[in-house]
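Student:
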Amino acid sequence: MNNFFSIYKKELIDIFRDRKTIIFSILLPILIYPVMFGLVNYMMKDMQSDIEKKLDLGIKGNKDSAIVSILKQQKNITLHYDDNLDEKLKKGDVSLIIDIPNGFDQNINDFKPTTLKLVYDKDSNKSSMAASSIRAIFDSYYKSIVNARIESKGLEKNFLNPFDIQQVTAENVKDSDEGLGAVMIGMLPTFIIIFMLTPTLTIAADFIAGEKERGTFEPLLSTSVSRMSIMWGKLATLATVSIIALVASMIAMGGSLKYNFKLGSALNVTPKALVLIAVFSVFILISICAVEMAVSIYAKSIKEANSFLGGITAPVFILSYIPFMMDAKTVKWMYFNIPIVNVVVLMKEFLVGIFNTQHILVVAAWHVVYVILSILFVKIMFSREEVIFRS
Numbered sequence: 001m002n003n004f005f006s007i008y009k010k011e012l013i014d015i016f017r018d019r020k021t022i023i024f025s026i027l028l029p030i031l032i033y034p035v036m037f038g039l040v041n042y043m044m045k046d047m048q049s050d051i052e053k054k055l056d057l058g059i060k061g062n063k064d065s066a067i068v069s070i071l072k073q074q075k076n077i078t079l080h081y082d083d084n085l086d087e088k089l090k091k092g093d094v095s096l097i098i099d100i101p102n103g104f105d106q107n108i109n110d111f112k113p114t115t116l117k118l119v120y121d122k123d124s125n126k127s128s129m130a131a132s133s134i135r136a137i138f139d140s141y142y143k144s145i146v147n148a149r150i151e152s153k154g155l156e157k158n159f160l161n162p163f164d165i166q167q168v169t170a171e172n173v174k175d176s177d178e179g180l181g182a183v184m185i186g187m188l189p190t191f192i193i194i195f196m197l198t199p200t201l202t203i204a205a206d207f208i209a210g211e212k213e214r215g216t217f218e219p220l221l222s223t224s225v226s227r228m229s230i231m232w233g234k235l236a237t238l239a240t241v242s243i244i245a246l247v248a249s250m251i252a253m254g255g256s257l258k259y260n261f262k263l264g265s266a267l268n269v270t271p272k273a274l275v276l277i278a279v280f281s282v283f284i285l286i287s288i289c290a291v292e293m294a295v296s297i298y299a300k301s302i303k304e305a306n307s308f309l310g311g312i313t314a315p316v317f318i319l320s321y322i323p324f325m326m327d328a329k330t331v332k333w334m335y336f337n338i339p340i341v342n343v344v345v346l347m348k349e350f351l352v353g354i355f356n357t358q359h360i361l362v363v364a365a366w367h368v369v370y371v372i373l374s375i376l377f378v379k380i381m382f383s384r385e386e387v388i389f390r391s
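Below is the structure:
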């Protein structure tokens with residue numbers, strides 16, 4: 001046990017002496033999320049501000065309609081009547097084209113159905129936001145026409161509005177307030193897998209393959225310290241760095257989201273969910289770190305180790321993204337039996353308050369198997385001379 005702690009302490013000191021490790025594994029995630037989400041928030045607000053200040057619209061069809069008069073009253077709107085409006089929309093010179101059919105106003109006066117088209121560029125966020133803004137203006141005009149018709153018939157304004165529908169969540173929070181929060185909650189388990197995997201890749205490659213290159217691994221094996229102590233010490237070090245990086249990343253991301261997007265209670269997670277997420281994170285953490293170590297043992301150089309680890313990273317990322325848009329309340333049984341996917345969908349359940357005992361036991365059983373197999377794998381690799389000293 002003393003040998004294990006000696007190796008563990010030595011490896012941790014070596015890692016944290018390396019400024020690059022501290023910067024890229026811990027400090028960078030803390031800095032990158034506030035900057036990233038801050039920029040996203042700034043750009044969204046800046047785009048909305050641009051629309052409120054100046055909005056270029058193209059008009060097709062009936063240019064003398066009451067619709068055009070309403071738009072002319074808006075101080076921030078500039079109207080274009082050119083023939084090449086479609087080209088201007090593609091280039092971004094106009095944000096939206098309004099196609100007004102001939103006889104639009106007459107059809108309204110005659111109580112005949114008519115259609116007003118808003119043509120927007122689906123590849124432009126500004127165009128989509130402009131469409132929403134203009135639709136709000138037209139909705140107001142639409143309601144004024146309906147109210148005028150009702151009054152002309154001597155009816156009350158509520159005649160066509162017998163009741164209102166308010167859609168709220170089970171916690172009595174409006175959907176519009178929590179939409180982004182729900183999306184971020186759904187993304188969280190995938191981010192956890194990524195945050196655990198990425199910081200340790202460079203360290204794992206250097207852990208043993210790097211020591212082979214420097215000629216320091218063979219002398220370490222020739223000391224009185226057992227190979228199992230070396231293995232467990234290095235594995236514990238790798239897991240520790242992964243946990244620190246994960247916690248730092250999650251705190252930075254959660255804080256940035258709450259500050260920039262005002263998500264309120266959307267990102268609040270129950271203590272029970274946090275504990276279970278932590279337990280299953282440790283399961284998958286050990287498996288990932290053990291496989292990374294086994295690859296590093298097999299590799300002859302850091303370059304080769306990085307190549308092998310890159311091949312492992314791709315399927316893990318793909319599997320973690322499979323449940324990305326799944327509804328946590330309608331996950332099929334098969335997904336609880338697929339590696340990586342099962343822990344992601346289980347975490348999604350925890351985050352929405354579902355604690356299905358059967359699901360928990362099945363995924364826990366699978367991950368106990370994964371941990372045992374991954375540790376046996378790295379143990380076998382550590383004990384084989386032809387692997388360690390592969391030429």
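Quick note, in full-length UniProt numbering, the sequence shown goes up one by one and the last residue is 391.
The beta-carbon is built from N, C-alpha and C at its ideal position, and this holds for glycine as well.
Work out the CA separation of Gly310 and Ala205 for me, nearest whole Å.
Tutor: 10 Å
Student: Expressed to the nearest angstrom, what Euclidean distance is found between the alpha-carbon atoms of Ile98 and Ala328?
Tutor: 40 Å
Student: My output table needs one value for Thr115: the three-state DSSP class, helix, strand or coil.
Tutor: coil
Student: Would the region 304-320 count as touching the region 218-232 if we require 3 or more Cβ pairs under 8 Å?
Tutor: no
Student: In or out: Tyr42 buried (at least 16 other Cβ within 10 Å) or exposed?
Tutor: exposed
Student: Rounded C-beta distance between Ser95 and Leu57? I'm assuming under 8 Å.
Tutor: 7 Å
Student: Among the residues of its own chain, which have a CB less than 7 Å from the CB of Tyr269, if the five just before and after it don't count?
Tutor: Note on identity: in this sequence residue 269 is Val, with Tyr being the wrong assignment. When the five nearest sequence neighbours on each side are left out, the beta carbons in the same chain lying within less than 7 Å of the beta carbon of Val269 are those of Leu351, in order along the chain.
Student: Suppose you measure from the CA of Ile372 to the CA of Val363; what does that come to, to the nearest Å?
Tutor: 14 Å
Student: Compute the Euclidean distance between the alpha carbons of residue 417 and Thr313, then round it to the nearest angstrom.
Tutor: Here the chain has residues from 1 to 391 only, and residue 417 is not among them.
Student: With distances taken between CB atoms, is the gap from Ile7 to Ile230 smaller than 9 Å?
Tutor: yes
Student: When burial is assigned at 16 or more other CB atoms within 10 Å of the CB, is Ser222 buried or exposed?
Tutor: exposed
Student: What three-state label does DSSP hand Thr223 in the structure shown?
Tutor: For Thr223, the secondary structure class from DSSP, reduced to helix, strand or coil, is coil.
Student: Quick one, which of Asp46, Val291 and Asn158 has its alpha-carbon nearest Ser374's?
Tutor: Of the listed residues, the one whose Cα sits closest to Ser374 is Val291.
Student: What does Lys379 pair with, by DSSP beta-bridge criteria?
Tutor: Answer by DSSP bridge pairing: none, since Lys379 is not bridged.
Student: Check whether the Cβ atoms of Val344 and Ile360 lie closer than 9 Å to each other.
Tutor: no
Student: Just reading off the alpha helix (DSSP H) that Leu12 is part of, what are its end residues?
Tutor: Asn2 to Arg17
Student: Does the Cβ of Phe207 have 16 or more other Cβ atoms within 10 Å, making it buried, or fewer, making it exposed?
Tutor: buried
Student: Pick from Met187, Ile145 and Gly154: whose alpha carbon is nearest that of Met325?
Tutor: Met187
Student: Per DSSP, His80 forms a beta bridge with which residues?
Tutor: Gly58
Student: The beta strand (DSSP E) that contains Leu27, what's its start and end?
Tutor: That residue, Leu27, is in no beta strand (DSSP E); it is neither H nor E in DSSP.
Student: Rounded to whole angstroms, what is the Cα-Cα separation between Asn356 and Glu52?
Tutor: Whole-angstrom Cα-Cα distance: 48 Å.
Student: Return helix, strand or coil for residue 437, following the three-state DSSP convention.
Tutor: What is shown of the chain runs 1 to 391, which leaves residue 437 out entirely.
Student: DSSP on Asn356, reduced to helix/strand/coil?
Tutor: Note: Asn356 maps to coil in three-state DSSP.
Student: I need the straight-line Cα distance from Val146 to Asn125, nearest angstrom please.
Tutor: 31 Å
Student: Please state whether DSSP places Phe283 in a helix, a strand or coil.
Tutor: helix
Student: Does DSSP put Gln74 in a helix, a strand or coil?
Tutor: coil
Student: May I have a chain-ordered list of the alpha helix (DSSP H) segments no shorter than 4 residues that lie completely inside the region 318-368?
Tutor: Within the region 318-368, the complete alpha helix (DSSP H) segments of 4 residues or longer fall at 341-351, listed in chain order.
Student: For Trp232, which residues of its own chain have a beta-carbon under 7 Å away from its beta-carbon, when the five flanking residues on both sides are left out?
Tutor: Phe4
Student: Tell whether a beta-carbon distance below 9 Å holds between Met347 and Phe280.
Tutor: Yes, the Cβ-Cβ distance between Met347 and Phe280 is below 9 Å.
Student: Going by C-alpha distance, which of Leu55, Asn161 and Asn109 is nearest Ser152?
Tutor: Asn109
Student: Just to confirm my understanding: we take Asp18, look at its own chain, exclude 5 residues before and 5 after, and list those with CB closer than 7 Å. What are they?
Tutor: Excluding positions up to five away in sequence, the list is empty.
Student: Tell me whether Ile210 is buried or exposed, calling it buried when 16 or more other Cβ atoms sit within 10 Å of its Cβ.
Tutor: The question names Ile, but residue 210 is Gly in the sequence shown. Gly210 is buried by the Cβ-count criterion.
Student: Just the C-alpha distance for His367 and Ile193, rounded to the nearest angstrom, thanks.
Tutor: 14 Å
Student: So which of Ser132, Gly61 and Leu238 has the shortest CA-CA distance to Ser296?
Tutor: When each option's Cα is compared against that of Ser296, the closest is Leu238.
Student: Note down, in chain order, each residue of its chain lying with its Cβ closer than 8 Å to the Cβ of Gln48, except the 5 sequence neighbours on either side.
Tutor: Met129
Student: So Tyr120 is in the alpha helix (DSSP H); what residue range does that whole segment cover?
Tutor: From DSSP, Tyr120 is part of no alpha helix (DSSP H); its letter is neither H nor E.
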